Structure formats: C-alpha cells, structure tokens
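To start, the structure under review is shown below, and the notes come after it.
Residue numbers (my numbering), protein chains in the order written: chain A, 4 to 453; chain B, 4 to 453.
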C-alpha cells in the first residue's frame with residue numbers, strides 16, 4: 004500500500020507548508036502519488052508544491068492530474084512553464100486535455116503549443132469521440148526491413164531517448180505502410196549483422212483509427228499484447244495504443260456498464276466531480292419512464308379490484324410477488340449482460356443458455372414457492388398459501404426468462420445489452436407479476452374478476 | 004475484427020476436415036484465435052487440429068484454452084506430448100491449470116512434470132487462493148548492480164531467449180534481494196561501459212506474494228507499469244506479475260462485482276461453463292432471504308388493513324411506490340459501489356457526497372411526485388393524488404439515502420460494498436415504502452389505522 008502512504012505523507016508536508024522537507028523527499032516519490040496528493044487542492048497551492056520538484060518532472064506529474072485540475076493549473080502558471088509542460092506531455096495525453104475543455108479554452112491552450120504540435124492535436128481531434136484515433140500515441144520508432152539489426156539498434160539509440168514506447172519497433176516501407184513489428188528484445192538477442200526482415204512476425208494485429216476504442220481494448224486483451232499499432236485504410240502506421248491507456252478505457256467502459264445496468268445513463272465522469280444537475284439528468288429518465296409503465300400495472304390491479312376486496316390478505320403478498328420476479332430477472336440479466344460484455348457468451352449460445360436458465364429458474368421458483376407457502380398459510384390460510392406459492396413459482400420463472408432474453412434481444416437489435424437494467428426489468432416483472440398473481444387468485448379462490 | 008474472422012475460418016476448416024489446407028494456413032494464425040476456434044470441440048478433434056500445427060506451437064496454443072479443455076486434452080494426449088506441452092507453459096499458466104483440477108487429477112498431472120517444476124508448482128500452490136503468489140510468473144532475468152551495461156546485455160542474450168519478460172531486468176544483491184529495476188530500453192540506450200547501478204530507479208514498486216491479487220491490479224494500474232516485482236518479507240525477489248495477467252484478473256474482479264450488485268454470489272467461472280446447480284446455489288440465497296424480509300413488509304400492510312379496505316385505490320399505486328424507492332436506491336448504490344471500487348470515492352468523501360445525494364434525490368423525488376400526481380388524480384381523485392405524490396417524494400429520498408449510505412456502512416464494517424445489491428436495497432426500500440405510503444394515507448385520508 005505504499006502509494007497511499009506516500010500520498011498521505013506528501014499531503015501532510017503540503018499542509019504544514021514544509022517546502023524544504025518536501026524538496027528533500029521528492030526524489031523517492033512517484034509522479035502518480037504526487038498527482039494523487041495534489042488532488043482537491045487549490046491551484047496556487049498545487050503550483051507551490053510543484054515548485055519543489057525539478058522542472059523536468061513537471062510534465063510527468065501534470066499528466067496524472069485530472070483534466071479539470073490540469074486546466075486550472077495551466078491558467079495559474081507562467082506561460083513559459085505552461086509551454087514547457089504541454090511540450091513534455093505525450094501526444095495522447097495532450098489530446099485528452101484539449102478534448103476535455105470548451106472550444107474557446109482549447110484555442111487558448113493551442114497558443115501555448117508549437118505549430119507542429121497544434122497540427123498533430125487537430126488531426127487527432129478530427130477522429131470521432133471514443134475512437135481509437137483519439138486514444139493513440141503518435142510517437143513511435145520505425146525501422147526498415149532491409150536494415151541490419153545493428154543499424155536498427157543504432158537508430159533506436161538516437162531516436163529512442165525521447166520515446167515512450169520502444170519495447171516494440173515498427174517496420175514500415177518508405178511510404179509509411181506497416182509491414183510488421185519487431186520486439187526490442189528480439190533485436191537485443193540477435194546478431195548485429197542479421198537482417199531486420201528475418202524477425203518480422205507474420206501475425207500482425209492492427210486496428211483502424213476510426214474504430215471504436217473498445218475494439219482496441221478487446222484486441223489488446225485477446226492477443227495479450229502491450230502495444231497495438233493503429234493504421235489508416237491504406238495500412239500506413241498512424242500511432243500506437245498502449246496497454247496502460249487500454250486499462251483506463253476498460254475501467255471506464257466497465258463503469259458505464261455498471262451505470263447502465265443500475266438504471267442510469269452512462270457517465271464517464273468521476274462521481275466526486277459530477278455536478279448534481281448531471282446526476283439528476285442521468286437518473287431521472289428511467290425513473291419517470293417506470294411511472295408511466297405503471298399505468299399498465301395499475302390497470303391490472305384495477306381490473307382485479309373485486310378479487311382484492313374479497314380477499315384483502317392478497318395485498319400482503321403483492322410487494323413480495325412483484326419484487327421476486329424483478330429480483331430473479333435482475334440476476335439473470337446481470338449474468339447475461341456481463342457474459343456478453345466479456346465475450347464469454349455470444350448470440351449463438353442463446354438457445355443453450357435459455358434451456359439452462361429455464362432449469363435454474365424452475366428450481367429457484369419452486370424453492371421460493373415452498374418458502375412463501377408457510378408465510379401464506381400463517382397470514383391467509385390454505386387457499387391463500389396455494390395462490391401465493393403457485394404465483395411465486397410462475398413469477399420467478401417469467402422474471403428470469405425476461406431477464407435472460409432481453410439482453411439477447413437488445414443485442415440482436417444492435418442496442419447495448421446493458422440497457423436491460425434492474426429498473427427496466429423490475430417494471431416489466433411488475434406488470435407480469437400483478438397479472439399472474441391475481442389471475443391465479445381469481446381462479447383458485449373462484450372469485451369474480453370484474 | 005480480424006480475430007473473429009480467423010477463428011471462423013479455422014472452425015470451418017476443421018468442420019470440413021480440411022487438414023492440409025489448415026496446415027498451410029497455420030503460419031499466419033494467432034495462437035489466441037486458434038484456441039478460440041478449438042473451444043467447444045471434442046478433445047479428439049482438438050488433437051487432430053493441433054497436429055496440423057508444428058509441435059513447438061502447441062504449448063502456446065494450449066495456454067489459451069480454458070482450464071477444463073486443457074485438462075481433457077491432456078488426458079487424450081500421448082504422455083510424451085503432454086510432458087512437452089506442460090514443460091513449455093509459463094509457470095503461472097501451469098499453476099493455474101493445476102489449481103483448477105481436483106486433488107487426485109493434480110497428482111496425476113504432476114507426474115508429467117520434471118521434479119524442479121513440481122517443486123515450483125507446489126511452492127506456488129502454497130500461497131493462498133487469489134493471492135499474488137499464485138498469479139506471479141517465477142521466470143525472470145536478474146542482474147547485479149556492479150555489472151557494466153555490456154555485461155548485463157551479454158547476460159540477457161544468454162539467458163533471455165527462453166524468458167517471457169525481459170523488457171524489465173531485476174537488479175538483485177547476491178542473496179536475491181531486489182535492489183531495483185532497469186528497463187531493457189535503458190540499457191540499450193546506454194554506453195556498454197556504464198555501470199548498471201547508475202540506472203537503478205529509486206522508485207521501486209513491489210508487492211508481497213501473500214497479498215490479495217487485487218492489490219497487484221491496483222498497483223499496476225496506478226503506476227502505469229507493465230510488470231510488478233513480487234517479493235517476500237525480506238525483500239527477496241520471488242516472481243513478476245505482468246500486465247496481461249492483471250487485465251484478466253481485473254476483468255474477473257469486475258465480473259464478481261457485477262454479480263454481487265446483481266444480487267448473486269460472485270462467480271469466477273464462465274457462465275457458459277457453469278453448471279445449473281452452481282447457478283442455483285449462487286442465486287437462491289438473496290432471493291429466499293428477501294422472502295423472509297417480507298415478513299416485515301407484509302406485517303406493515305396488515306397493520307394498515309383498515310386503511311386499504313377504506314380506499315382500495317391505494318393498492319393500485321403500491322407496486323409503483325415500493326419499486327420507485329428500490330429503483331432510486333439501486334441507482335445510488337450502483338454509483339457508490341462502482342466509485343468505491345475504482346477508488347474515485349473514498350470513505351472520507353461520504354459526508355460531501357451525502358449532501359449532494361440529498362439534493363439530487365429531492366429533485367428526483369419531486370419530479371416523480373409530479374409525474375405520479377396525474378395518475379393519482381385520474382385513478383383516485385384529489386386526496387389519493389396528494390397521498391401518492393407526497394409518498395413518492397419521501398420514498399425516492401429515503402431509497403436514495405439507503406442506497407447511498409449502505410455501501411459506505413458496509414465498507415466501514417470491512418465488508419464488500421458490492422453486497423449492497425439491487426435485491427437487498429429493493430427489500431429494504433419495500434418495507435420503508437409500505438410504511439411511508441400507508442402512514443401518509445392514514446393521515447391525509449384521516450382513516451383508522453387499525
């Protein structure tokens with residue numbers, strides 16, 4: 004847990020304004036921990052703390068601050084320092100900062116960049132949001148297939164110093180088309196006179212810059228690689244997506260799935276930073292929709308008004324019956340949505356899984372029916388017990404089936420399966436539960452329906 | 004999407020039993036795609052397909068099959084081939100296979116291993132389940148601080164061929180204590196006469212072998228590193244956890260969180276492979292517990308029997324009221340559980356977030372109250388409308404507060420916050436919803452409670 008300790012130590016030094024002590028300790032501190040400690044502090048204090056670190060570490064620390072903090076810090080900084088920090092960022096981090104601010108602030112930041120970097124940033128911002136093009140790092144080392152290993156190593160030595168990703172080298176033809184990759188490791192292990200060509204792997208994995216960034220996550224996970232080359236339509240190498248970027252994206256995408264299945268709009272932002280108005284907007288949709296779906300549920304109950312009046316004890320079990328369907332349905336929806344997201348389950352598996360789910364749901368329903376039998380007997384007598392437990396079996400099975408099939412149906416319609424959220428399934432299960440429960444009650448108790 | 008195409012092509016070749024064609028194409032196929040294509044096939048067919056690939060690729064293909072398939076394939080294989088495949092696996096993959104099978108099968112597999120590998124496997128299996136020790140790779144290249152860069156590179160050349168992870172080299176003293184790490188890149192970029200010592204980073208991140216593997220995930224994500232050294236209590240280097248292992252673990256842990264919040268026991272297994280009896284056991288717990296929690300909800304309704312008899316229209320809105328509390332609660336619980344899991348939110352933030360949640364929940368409650376007002380007016384008149392909308396505001400606020408605070412409370416009690424599942428919150432919200440709704444109804448309609 005060293006990072007938490009380090010952040011706490013640093014935060015304490017800052018609070019005590021022990022600047023000298025901080026300057027002494029700075030060498031052993033990781034930039035990630037420094038950035039974590041600077042979170043939630045005023046930009047002026049952040050600036051004062053940054054001043055205790057040698058200037059060449061600023062870009063690295065800056066890169067780990069969150070976007071909003073980066074922007075407000077740049078505004079506090081001397082323009083020269085700002086230029087220095089921005090120039091020291093990796094292109095992908097710079098692009099991420101630029102895309103996070105408003106249009107006019109972006110133009111202001113662009114003025115701190117040299118023309119070449121502006122051009123690169125504009126090009127990267129030209130790719131769609133959440134695309135691979137926005138995520139990729141545009142600095143990489145290329146070598147030619149006809150070079151010797153010795154020449155390639157020499158090239159790496161002269162070009163590699165400033166580059167982040169030289170564990171993999173990219174072999175291109177003179178027009179920039181990617182021919183293959185060679186691991187630095189492979190070159191190190193080879194004779195200097197050997198030709199680069201010999202080591203090019205025929206199994207090249209690439210991704211297009213216009214592709215959704217989730218595809219980059221999938222490819223890197225599937226192929227267990229640490230860097231994924233990005234190409235244009237003609238195969239020209241444009242950049243590289245690295246595994247650390249992909250881990251961040253995977254975490255964000257997982258968070259979005261959590262939010263969706265919890266019945267909210269997906270929210271990329273930090274919960275701590277999200278404004279209440281945003282949270283309201285992300286949550287209100289499903290909630291209000293469910294009110295309107297209740298028009299049907301309420302109508303169902305109204306239809307069975309006579310049944311209810313004749314046996315008011317039925318109402319005791321109404322919340323339990325409708326909730327059990329919703330709960331069983333949420334369980335199976337969660338299982339399916341997650342299995343579809345990880346690729347464990349694909350469309351073609353649906354029938355086999357449906358059979359399995361039917362078996363499991365029946366077993367669950369019967370268990371629940373038995374559990375609720377006692378409750379029914381105690382509160383309403385034998386007939387009520389029969390109604391409640393039969394309804395329970397049916398409701399759990401129906402709820403599970405809905406929860407299982409809805410994610411497949413959504414996938415089939417090219418919608419996100421995670422839309423099959425707990426609240427949506429709760430509402431559908433409600434309507435089904437009400438109808439099943441009171442229909443069985445009307446039949447068993449031989450009461451008038453209307 | 005090249006991988007899916009490749010898998011499909013391969014599967015088609017296998018179905019047609021076009022072995023020659025397969026042997027011709029094998030060179031351009033990735034082992035990951037081959038393994039994916041071999042999924043769900045009979046072991047004898049898998050074996051036949053494997054035979055089309057050169058023997059030296061077998062261990063790599065084998066490593067990407069799932070554990071159950073690995074085991075049944077080994078049983079079909081010639082013992083010599085089995086020995087060859089097992090010897091070619093990375094130690095961590097071998098340990099993962101051994102820990103996935105029954106005790107007696109494990110002993111049988113061990114007989115295929117040379118004594119050194121058995122010793123290593125037993126040592127790794129001695130670490131607790133889900134610990135870093137089980138996850139780590141025990142092959143790595145160490146160098147000494149007093150060596151020159153030239154000597155270190157020479158050592159890498161002789162030792163590196165068989166090792167997976169030489170992008171980072173580990174500097175140890177003669178007793179094996181880890182002094183620091185040096186990137187292969189750094190050595191390549193340096194003069195051969197320089198001393199290794201100069202390049203050791205003072206900012207060493209390590210993890211203990213006994214630590215939970217989630218800690219390894221967190222450290223690798225936090226520090227943006229691709230390999231994390233694992234040490235014992237005295238600082239001796241035991242192994243290395245690599246980023247690809249960590250991505251798999253992160254995915255599993257996320258899946259477990261999904262399952263927990265969906266109201267199930269966490270399940271590491273693939274949904275496709277999970278047996279119905281396991282699914283039943285993982286799901287039945289929460290469902291039945293909720294039946295017993297309904298004893299309180301049912302008692303609440305029974306207490307207000309007279310109110311219900313006097314105004315049966317109240318029943319129309321009962322499912323809506325209790326569900327809305329549950330839905331709003333699930334939303335805030337999902338937000339909190341996820342934010343706590345990613346580290347976005349920590350315990351110390353609870354009060355600030357509570358204030359924000361109260362604001363958002365009030366706004367949501369009022370919106371819902373207005374939405375339901377119309378429904379109430381239509382189905383029950385002015386008084387019912389008033390009861391329903393007031394109860395709605397209260398229920399949404401109470402549900403949200405429970406959903407928000409429960410994960411913090413569970414964290415405080417050192418329990419997993421993801422236990423605050425949708426079904427649990429639904430049940431608690433039920434009881435609160437029933438009491439709030441009928442209490443308000445009894446007051447507004449001035450009806451007798453008992």
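C-beta: ideal position from N, C-alpha, C; glycine also.
It should be emphasised that the depicted structure is a prediction, and the values quoted were computed from it without experimental measurement.
DSSP, reduced to helix, strand and coil, places residue 203/B outside both helices and strands of the structure shown, so it counts as coil. Residues 320, 387, 388, 389, 390, 391, 392 of the same chain have their beta carbon placed closer than 8 Å to that of residue 379/B, with the five preceding and five following residues left out of the count. The beta carbon of residue 123/A lies closer than 7 Å to those of 94, 141 in the same chain, with the five residues before and after it left out. DSSP, reduced to helix, strand and coil, places residue 140/B within a strand of the structure shown. According to the DSSP assignment, residue 243/B belongs to the beta strand (DSSP E) that extends over 240-245.
Segment contact: the segment 194-201 of chain A against the segment 183-198 of chain B, fewer than three CB-CB distances shorter than 8 Å; contact not assigned. For residue 273/B, the chain A residues whose C-beta falls within less than 7 Å of its own C-beta are 347, listed in chain order.
Per DSSP, the unbroken alpha helix (DSSP H) holding residue 25/B starts and ends at 22-28.
Separation of residue 238/A and residue 181/A (C-alpha to C-alpha, rounded to the nearest whole angstrom) is 6 Å. Contacts with chain B at 8 Å (Cβ-Cβ) include residue 31/A. For residue 121/A, the enclosing alpha helix (DSSP H) has its first and last residue at 118-128. Look at residue 96/A: its C-beta is not under 8 Å from any C-beta on chain B. Of all residues in the segment 333-367 of chain A, the ones placed with a Cβ closer than 7 Å to any Cβ belonging to chain B are 333, 334, 337, 338, 341, 342, 345, 347, 348, 352, 359, 362, 363, 366, 367, in chain order. Around the beta carbon of residue 254/B, 16 or more other beta carbons sit within 10 angstroms, so the residue counts as buried.
Using a Cβ distance threshold of 8 Å, residue 231/A and residue 208/A count as a contacting pair. Going by DSSP, residue 232/A is part of no alpha helix (DSSP H) but of the beta strand (DSSP E) stretching over 230-234. For the segment 224-238 of chain A, the residues whose beta carbon sits under 9 Å from a beta carbon of chain B are, in order, 224, 225, 226, 227, 228, 229. In the DSSP assignment, the residues bridged to residue 185/A are 172/A. Residue 35/A and residue 190/A have their C-alpha atoms roughly 31 Å apart. Sequence-distant Cβ neighbours of residue 335/A in its own chain, meaning closer than 7 Å and more than five residues away, are 360, 403, 406, 407. For the options 226/A, 244/A, 420/A, 91/A, the alpha carbon positioned closest to that of residue 234/A is the one of 244/A.
Judged by their CB atoms, residue 213/A and residue 340/A are not nearer to each other than the 8 Å cut-off.
Residue contact check for residue 191/B against chain A: a CB pair falls below 8 Å. In the three-state DSSP reduction, residue 315/B falls in the coil class, being neither helix nor strand.
A contact is defined here as three or more CB-CB pairs under 8 Å, and the segment 292-306 of chain B fails this definition with respect to the segment 295-304 of chain A. When the Cα atoms are used, residue 308/A and residue 440/A turn out to be separated by approximately 13 Å. Non-local C-beta neighbours of residue 67/B in its own chain, meaning closer than 7 Å and more than five positions away in sequence, comprise 34, 35, 38, ordered along the chain. Cα atoms of residue 187/A and residue 134/A: separation of roughly 28 Å, rounded to the nearest angstrom. Three or more beta-carbon pairs separated by less than 8 Å link the segment 409-423 of chain A to the segment 258-265 of chain A, which places the two stretches in contact. Closer than 8 Å to the CB of residue 305/A there is at least one CB belonging to chain B. For the pair residue 398/B and residue 436/B, the CB atoms are nearer than the 8 Å cut-off. Below the 7 Å Cβ cutoff, chain B contributes no neighbours of residue 92/A, its closest Cβ being approximately 14 Å away. In terms of CA proximity to residue 57/B, 88/B leads the group 72/B, 73/B, 47/B, 88/B. Annotated as distal: residue 277/B and residue 267/B, with beta-carbon spacing of 8 Å or more.
Contact residues of the segment 169-193 of chain A toward chain B are 169, 170, 187, 188, 191, 192 (C-beta to C-beta distance below 7 Å).
Closer than 8 Å to the CB of residue 441/B there is not a single CB belonging to chain A.
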